[in-house]
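J.:
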Amino acid sequence: MNRKSSSFNKLQISLSAGSHFITDIYQSFIIGLIPVLALKFDLSLFKVGLLTATSVIANSLFSPIFGYFSDRHGLKYYIIAGPLFTSIFLSLIGILPNYYFILAFLFLGNLSIAAYHPASAAIAGHFGGSKKGLGSSIINFGGNFGNALGVLLIILIVEKLNINLTPIAMIPGIIMVIVLFKFVPNTSFRNKAENTLNFFAKIKKVNKRKMYLLFLIMFTIYSLYIMWITLITYMPLYYTGANITLINVGTIMLFFGMLGGAGGLFSGFLFDRFKKGSLIIQIGFVLAAPILFFTFRTTGLISIILFVTGGFFLISIQPVCIRMTQDLLPGNMSLASSLILGFSPGIAAITMIFLGKAADIIGIVALINYEIILIIFTILMLFSFPLAERSLRDEKNNP
Numbered sequence: 007m008n009r010k011s012s013s014f015n016k017l018q019i020s021l022s023a024g025s026h027f028i029t030d031i032y033q034s035f036i037i038g039l040i041p042v043l044a045l046k047f048d049l050s051l052f053k054v055g056l057l058t059a060t061s062v063i064a065n066s067l068f069s070p071i072f073g074y075f076s077d078r079h080g081l082k083y084y085i086i087a088g089p090l091f092t093s094i095f096l097s098l099i100g101i102l103p104n105y106y107f108i109l110a111f112l113f114l115g116n117l118s119i120a121a122y123h124p125a126s127a128a129i130a131g132h133f134g135g136s137k138k139g140l141g142s143s144i145i146n147f148g149g150n151f152g153n154a155l156g157v158l159l160i161i162l163i164v165e166k167l168n169i170n171l172t173p174i175a176m177i178p179g180i181i182m183v184i185v186l187f188k189f190v191p192n193t194s195f196r197n198k199a200e201n202t203l204n205f206f207a208k209i210k211k212v213n214k215r216k217m218y219l220l221f222l223i224m225f226t227i228y229s230l231y232i233m234w235i236t237l238i239t240y241m242p243l244y245y246t247g248a249n250i251t252l253i254n255v256g257t258i259m260l261f262f263g264m265l266g267g268a269g270g271l272f273s274g275f276l277f278d279r280f281k282k283g284s285l286i287i288q289i290g291f292v293l294a295a296p297i298l299f300f301t302f303r304t305t306g307l308i309s310i311i312l313f314v315t316g317g318f319f320l321i322s323i324q325p326v327c328i329r330m331t332q333d334l335l336p337g338n339m340s341l342a343s344s345l346i347l348g349f350s351p352g353i354a355a356i357t358m359i360f361l362g363k364a365a366d367i368i369g370i371v372a373l374i375n376y377e378i379i380l381i382i383f384t385i386l387m388l389f390s391f392p393l394a395e396r397s398l399r400d401e402k403n404n405p
């Protein structure tokens with residue numbers, strides 16, 4: 007089969023959401039383990055930041071490469087390889103003997119996620135029918151829910167069983183692989199008019215206005231991930247430092263991710279209905295920034311409520327950015343997805359290596375305050391998006 011489905015394919019959307027859920031469970035294991043590993047190996051904030059930076063670099067910067075090949079050769083085996091190797095490598099982190107082995111296994115496990123994410127995200131474009139925004143949001147919600155649950159799951163294994171038993175966590179991943187192998191079609195969506203093989207040659211000739219729109223979306227994701235990576239990396243340390251138990255920290259991170267995923271579902275619905283992507287993003291940022299600012303100026307339950315509410319608005323932006331990019335590059339769904347899920351987060355992760363060093367000097371709260379300034383700058387930049395979009399539309403209508 008090499009044609010896009012004209013209707014909403016519930017089975018394929020559900021399989022993609024389910025496999026995204028399982029795969030991203032393992033992706034977030036390192037977040038739940040950070041307080042334990044920081045204590046066990048006496049890690050600085052820089053070394054803690056390097057753990058999440060390594061994870062995001064591996065599953066992001068390499069994502070466009072895998073996006074290229076999944077567009078070329080079909081989605082099935084990339085979707086299967088993701089949960090298979092991710093579950094194996096990342097379930098072994100708890101039994102590794104030192105910090106550098108952990109970095110290596112994080113890299114390999116997240117490289118498998120890089121193979122998985124573009125193909126999974128492209129499912130919404132190929133099987134979403136007239137509800138591609140909703141399909142993208144459902145798949146994205148599966149990942150965000152898994153990401154949130156994975157933190158609590160690994161903490162429960164460590165606290166209730168033993169850190170040496172983390173390998174048992176690979177079982178759900180193996181089961182998911184068997185299901186995917188049976189039900190995911192070996193599908194290629196190559197389009198002669200928009201062939202991925204010619205993408206890199208053609209992108210040099212892409213209309214400058216379209217390139218500017220693509221840049222704005224990628225910069226938005228960059229800003230989003232700077233804040234997102236900082237929060238998921240350092241909030242477990244921040245809350246354990248406030249004498250909150252590790253299991254309760256896992257519960258907080260669960261709600262942070264779940265509400266963010268719910269926000270993504272809502273923003274996907276709004277995008278399908280109104281097609282005002284840049285406005286939806288601006289509203290999300292405008293609401294997230296002050297909520298996260300006051301998270302650190304309150305204590306106890308109020309601080310926690312503000313933190314998870316900020317996650318609702320912050321994370322809701324991601325699926326809208328994915329859909330906007332796929333609309334700009336409709337013939338290269340996997341590669342378009344990988345630019346948003348790959349390149350921009352990867353650059354953000356590299357930046358986080360340096361910001362981790364800054365956190366050692368100025369502290370977590372001051373670092374987040376500076377990142378809020380970046381979000382405000384992004385909001386201002388996005389005011390130019392509708393103007394550039396209108397100009398591009400006018401040029402197409404009047405060649």
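For the sequence shown, the positions run 7 to 405 when this note's numbering is used.
Ideal Cβ placement from N, Cα and C applies to all residues, glycine included.
Every value quoted in this text rests on a predicted model; they were computed, and no experiment measured them.
1) Of the choices Pro41, Lys46, Met224, whose alpha-carbon is the least far from that of Leu334?
2) Terminal residues of the continuous alpha helix (DSSP H) containing Thr257?
3) Can you tell which of Ile144, Pro392, Ile163 has the C-alpha that lies nearest to the C-alpha of Ile285?
4) Do you know how far the Cα of Thr92 is from the Cα of Tyr84?
5) Just tell me which of Gln33, Leu45, Phe147 has its CA closest to the CA of Phe111.
6) Could you tell me which of Asp366, Asp278, Gly148, Phe389 sits nearest to Ser25, measuring between CA atoms?
7) Just checking my contact of Phe319 with Gly269 at CB under 8 Å: how many whole Å lie between their CB atoms?
8) Would you tell me roughly how many angstroms separate the C-alpha atoms of Ala248 and Ile37, rounded to the nearest one?
9) Report the start-end ranges of each alpha helix (DSSP H) in the region 25-84 that is 4 residues or longer and not cut off at the edges.
10) What alpha helix (DSSP H) runs, 4 residues minimum, are completely inside the region 135-173?
11) Where does Arg303 fall in DSSP's three states?
12) Note the first and the last residue of the continuous alpha helix (DSSP H) segment covering Gly100.
13) Leaving out five residues on either side along the sequence, give the residues of the same chain with a beta carbon under 8 Å from the beta carbon of Phe189.
14) Would Leu49 pass as a contact of Leu43 if the rule is Cβ separation under 8 Å?
15) Would Pro127 be called buried (16 or more neighbouring beta carbons within 10 Å of its own) or exposed?
16) Do Leu426 and Arg279 have their C-beta atoms within less than 8 Å of each other?
17) Which residues in the same chain have their Cβ closer than 7 Å to the Cβ of Ala125, if we skip the five residues on either side of it in sequence?
18) Just verifying my parser: in three-state terms, what is the DSSP assignment at Pro191?
19) Would you mind giving the Cβ-Cβ distance between Ile163 and Ala175, rounded to the nearest angstrom? I have them listed as a contact below 8 Å.
20) Residues in its own chain within less than 6 Å of Ile323 by CB, not counting five upstream and five downstream?
21) Nearest to Leu373 by CA position, among Leu39, Thr357, Gly274, is which residue?
22) Out of Ile145, Phe302, Val183, Ser61, state which residue places its alpha-carbon closest to the alpha-carbon of Asn15.
23) Taking Ser61 as the reference, give the member of Leu220, Phe272, Ile353 with the closest Cα.
24) Kindly list the residues whose CB is nearer than 7 Å to the CB of Phe277, restricted to its own chain and excluding five residues on each side of it in sequence; keep chain order.
25) Would you call Tyr245 buried or exposed, if buried means 16 or more other Cβ atoms sit within 10 Å of its Cβ?
26) In the DSSP assignment, find the alpha helix (DSSP H) that holds Ile223 and state where it starts and stops.
27) Ile379 lies in the alpha helix (DSSP H); which residues open and close that run?
28) Taking Asn116 as the reference, give the member of Asn153, Ile101, Gly141, Pro103 with the closest Cα.
29) What is the residue span of the alpha helix (DSSP H) that Leu334 lies within?
30) Taking a contact to mean a Cβ-Cβ separation below 8 Å, would you say Ala120 touches Asn65 in this structure?
31) How big is the Cα-Cα spacing for Thr304 and Ile370?
32) Please state whether DSSP places Asn116 in a helix, a strand or coil.
T.: Reading it off the structure:
1) Position 328 of the sequence shown holds residue 334. Cα-wise, what sits closest to Leu334 is Met224.
2) By 1-based counting over the sequence shown, the position of residue 257 is 251. For Thr257, the enclosing alpha helix (DSSP H) covers residues 252-280.
3) Here residue 285 is taken as the residue at index 279 of the sequence shown, counted from 1. Note on identity: in this sequence residue 285 is Leu, with Ile being the wrong assignment. Looking at the Cα atoms, Pro392 is the closest of the given residues.
4) By 1-based counting over the sequence shown, the position of residue 84 is 78. By 1-based counting over the sequence shown, the position of residue 92 is 86. Distance between the alpha carbons of Tyr84 and Thr92: 12 Å.
5) Translated into the one-based positions of the sequence shown, residue 111 becomes position 105. Residue Gln33 is the option with its Cα nearest to Phe111.
6) Translated into positions along the sequence shown, residue 25 becomes position 19. Answer by Cα proximity: Gly148.
7) Counting from 1 along the sequence shown, the entry for residue 319 is found at position 313. Counting from 1 along the sequence shown, the entry for residue 269 is found at position 263. The pair is a contact, with the Cβ atoms about 6 Å apart (cut-off 8 Å).
8) Here residue 248 corresponds to residue number 242 of the sequence shown, with the count starting at 1. Here residue 37 corresponds to residue number 31 of the sequence shown, with the count starting at 1. The alpha-carbon atoms of Ala248 and Ile37 are separated by roughly 17 Å.
9) Contiguous alpha helix (DSSP H) elements confined to the region 25-84 occur at 35-47, 51-66, 69-79, taking only those with 4 or more residues.
10) The DSSP assignment places complete alpha helix (DSSP H) segments of no fewer than 4 residues inside the region 135-173 at 138-162, in order along the chain.
11) Along the sequence shown, one-based indexing puts residue 303 at 297. Three-state result, Arg303: coil.
12) Stepping through the sequence shown from its first residue, residue 100 is reached at position 94. Gly100 -> no alpha helix (DSSP H), and no H or E assigned at all.
13) Numbered from 1 along the sequence shown, position 183 holds the residue referred to as residue 189. Cβ neighbours of Phe189 beyond the five flanking positions: Leu17, Leu21.
14) Against the sequence shown, residue 49 aligns to sequence position 43. Against the sequence shown, residue 43 aligns to sequence position 37. For Leu49 and Leu43, yes; Cβs fall inside 8 Å.
15) Reading the sequence shown from its first residue, position 121 is the one you call residue 127. Note on residue identity: the sequence assigns Ala, not Pro, to residue 127. Here Ala127 is buried, its C-beta having at least 16 other C-beta atoms within 10 Å.
16) No answer is possible for residue 426: it lies beyond the span of the chain, which begins at 7 and ends at 405.
17) For the purposes of this step, residue 125 is identified with residue 119 of the sequence shown, where counting begins at 1. Hits under 7 Å: Ser76, Leu81, Tyr84, Ile85, Ser340.
18) As a working note, residue 191 is residue 185 in the sequence shown. Reduced to three states, the DSSP call for Pro191 is coil.
19) The residue labelled residue 163 in the question sits at position 157 within the sequence shown. The residue labelled residue 175 in the question sits at position 169 within the sequence shown. About 6 Å separates the two Cβ atoms, so the contact holds.
20) Sequence index remark: in the sequence shown, residue 323 carries index 317 (1-based). Excluding residues within five positions, the ones whose Cβ falls inside 6 Å are Leu230, Ile287, Gly290.
21) Mapped onto the sequence shown, residue 373 falls at position 367. Here the closest residue by C-alpha is Thr357.
22) For the purposes of this step, residue 15 is identified with residue 9 of the sequence shown, where counting begins at 1. The residue with the shortest Cα to Cα distance from Asn15 is Ile145.
23) In the sequence shown, the residue the question calls residue 61 occupies position 55. Comparing Cα positions, the closest option is Ile353.
24) Walking along the sequence shown from the start, residue 277 turns up at place 271. Gly139, Gly283, Ile286, Val326, Arg329, listed in sequence order.
25) In the sequence shown, counting from the first residue as 1, residue 245 sits at position 239. Around the beta carbon of Tyr245, a 10 Å sphere encloses 16 or more other beta carbons of the protein chains shown; the residue is thus reported as buried.
26) For the purposes of this step, residue 223 is taken as residue 217 along the sequence shown, with counting starting at 1. Start and end: 214-247.
27) The sequence position of residue 379 within the sequence shown is 373, counting from 1. Residues 370-387.
28) Locating residue 116 in the sequence shown gives position 110, where the first residue counts as 1. If we check each option's Cα against that of Asn116, Asn153 comes out closest.
29) Walking along the sequence shown from the start, residue 334 turns up at place 328. Where Leu334 is concerned, the enclosing alpha helix (DSSP H) starts and stops at 323-334.
30) For this step, residue 120 is matched to residue 114 along the sequence shown. For this step, residue 65 is matched to residue 59 along the sequence shown. Yes.
31) For the purposes of this step, residue 304 is taken as the residue at position 298 of the sequence shown. For the purposes of this step, residue 370 is taken as the residue at position 364 of the sequence shown. About 15 Å.
32) By one-based count along the sequence shown, residue 116 stands at place 110. Three-state DSSP puts Asn116 in a helix.
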